[in-house]
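J.:
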Amino acid sequence: MTDIQTAPKTGSNADVAAGVAQYLTPVVHELIALAVNGKQAHWHVRGANFIAVHELLDDVVAHAQDWSDIAAERVVALGLPIDGRLATVAAKTGAENPKLGFLPYDEAIAGVVSQIDLATEKVNAAIDGLAELDPTSQDVVIEIRRGLDKDRWFLFSHIAVK
Ligand SMILES: [Fe+2]
2 MTDIQTAPKT GSNADVAAGV AQYLTPVVHE LIALAVNGKQ AHWHVRGANF IAVHELLDDV
62 VAHAQDWSDI AAERVVALGL PIDGRLATVA AKTGAENPKL GFLPYDEAIA GVVSQIDLAT
122 EKVNAAIDGL AELDPTSQDV VIEIRRGLDK DRWFLFSHIA VK
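Counting from 2, one number per residue, gives the positions in the sequence shown under the working numbering.
Here it is in structure tokens:
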């Protein structure tokens with residue numbers, strides 16, 4: 002009979018779980034940072050297309066929160082904890098602190114786009130690293146990559162000239 006206390010929760014073994022955590026943890030950190038700083042931009046954006054950019058930034062934040070949850074829960078589903086504490090995220094993110102106070106819309110968008118790019122770097126590393134290790138986890142980051150690309154397009158199109 003299967004021992005419910007020790008049986009793996011999935012078909013993955015401990016090495017796979019550790020590898021998945023290694024690749025998904027940086028993704029979780031950058032997505033949490035994107036959600037926090039995206040909200041800062043949402044509150045302080047000024048200028049042309051205010052309503053459109055203000056509302057779009059809330060969509061970006063909501064997506065980043067959803068994706069950080071999906072990536073974190075994939076690690077937990079394989080039996081390992083995740084460190085999504087505020088101080089850890091602040092220490093691990095590559096994001097610069099956004100300028101304090103109100104921002105012209107082009108600067109606000111450029112800041113959030115650069116954070117999307119940082120998250121995308123971590124996602125790309127995870128897509129590469131998980132291909133052999135655990136395609137089920139790779140599927141998680143492929144979905145996130147598709148969404149980040151779309152959000153980047155929606156934001157960037159406000160400041161692109163062609
Ligand atoms: Fe709001």
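Ideal placement from N, C-alpha and C gives every residue a C-beta, glycine not left out.
With H, G and I counted as helix, E and B as strand and the rest as coil, what does DSSP make of Arg-75?
T.: If DSSP states are grouped into helix, strand and coil, Arg-75 belongs with the helices.
J.: Taking its Cβ as the centre, do 16 or more other Cβ atoms sit within 10 Å of Ala-92, making it buried, or is it exposed?
T.: By the 10 Å Cβ count, Ala-92 comes out exposed.
J.: Is it the case that the Cβ atoms of Val-90 and Val-21 are separated by a distance below 8 Å?
T.: Not a contact, by the Cβ cut-off of 8 Å.
J.: Determine the DSSP secondary structure at Arg-47, reduced to helix, strand or coil.
T.: Here Arg-47 sits in strand by DSSP.
J.: Short of 8 Å in beta carbon distance, which residues of its chain neighbour His-55, apart from the five on each side in sequence? Order them along the chain.
T.: The residues are His-43 and Val-46.
J.: Does DSSP put Pro-27 in a helix, a strand or coil?
T.: Three-state DSSP puts Pro-27 in a helix.
J.: So the candidates are Asp-67, Gly-95, Thr-94 and Ala-96; which of them puts its Cα closest to the Cα of Gly-148?
T.: It is Asp-67.
J.: Measuring only the C-alpha atoms, how far is Leu-87 from His-30?
T.: Roughly 9 Å separates the two Cα atoms.
J.: So, under 8 Å CB-CB, Asp-135 and Val-17 are touching, yes? Tell me the CB distance rounded to an integer number of Å.
T.: With 8 Å as the limit, Asp-135 and Val-17 qualify as a contact, their Cβ atoms being about 5 Å apart.
J.: Please name the residue, chosen from Ala-109, Val-142 and Pro-99, that lies closest to Asn-1 on a Cα-to-Cα basis.
T.: Nothing can be reported for residue 1: it is not among the residues displayed for the chain, which extend from 2 to 163.
J.: Are the CB atoms of Val-114 and Arg-153 nearer to each other than 8 Å?
T.: Cβ distance < 8 Å, so Val-114 and Arg-153 count as in contact.
J.: Please report the distance separating the alpha-carbon of Asn-14 from that of Leu-131.
T.: Using only the alpha carbons, I get a separation of about 14 Å.
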